[in-house]
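Following: one structure in structure tokens, then a few remarks.
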Amino acid sequence: MNPERNKQMLLELYDAVVGRHWDAVRALLTADFVDHNPDARAAPGTNGCEAFIAYFRDGETPLDGAQVEIQRMIADADYAVVHYKLVNPRRPRGVAVVDIFRVADGRFCEHWDVLQDIPADAPNPRAMF
């Protein structure tokens, strides 16, 4: 895969999840997709891609009612990484998020994420973004 295509696929995945276009999500993930997010509780009887979809479709997730401001994207032949600010009703100051996706055969096959609340008063004067 080409790094630019991996970035484009990542944008397509975000648009599909936020827009609740589950067939588009299925087209971007492998059937045996592995999500390492400890909060991604799968619905009973689901796994892989379908568990990922069920997490966003059936439960309360950080993307519900959220605004996402992508700050940077990095990709190579096997990975796509995005760093963004997410603001939602439960976290009005926002969260700094890094999502890492592994690509295999032109689809995302694995995901990791790291979330950090944006503090009201940070001792470090530099912004998180």
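Mapped onto this note's numbering, the consecutive letters of the sequence shown carry residue numbers 2 to 130. Ideal Cβ positions, reconstructed from N, Cα and C, are used throughout, including at glycine.
query, result
"Our contact map puts residue 83 next to residue 11 with C-beta atoms below 8 Å; I'd like the distance itself, whole angstroms only.", "6 Å"
"How would you write the range of the beta strand (DSSP E) that residue 89 sits in, first residue to last?", "80–89"
"Residue 107 to residue 122, Cα distance in whole Å?", "42 Å"
"Classify residue 20 as helix, strand or coil using the three-state DSSP reduction.", "coil"
"Quick one: is residue 53 buried, meaning 16 or more other Cβ sit within 10 Å of its Cβ, or exposed?", "buried"
"Mapping the DSSP letters down to three states, classify residue 63 as helix, strand or coil.", "coil"
"Could you give the distance in angstroms between the alpha-carbon of residue 118 and the alpha-carbon of residue 63?", "12 Å"
"Do you know how far the Cα of residue 124 is from the Cα of residue 8?", "33 Å"
"Use the C-beta contact count for residue 36: other C-beta atoms within 10 angstroms, 16 or more gives buried, fewer gives exposed.", "buried"
"Between which two residues does the beta strand (DSSP E) harbouring residue 123 extend?", "It is not in any beta strand (DSSP E) - residue 123 carries neither H nor E in the DSSP assignment."
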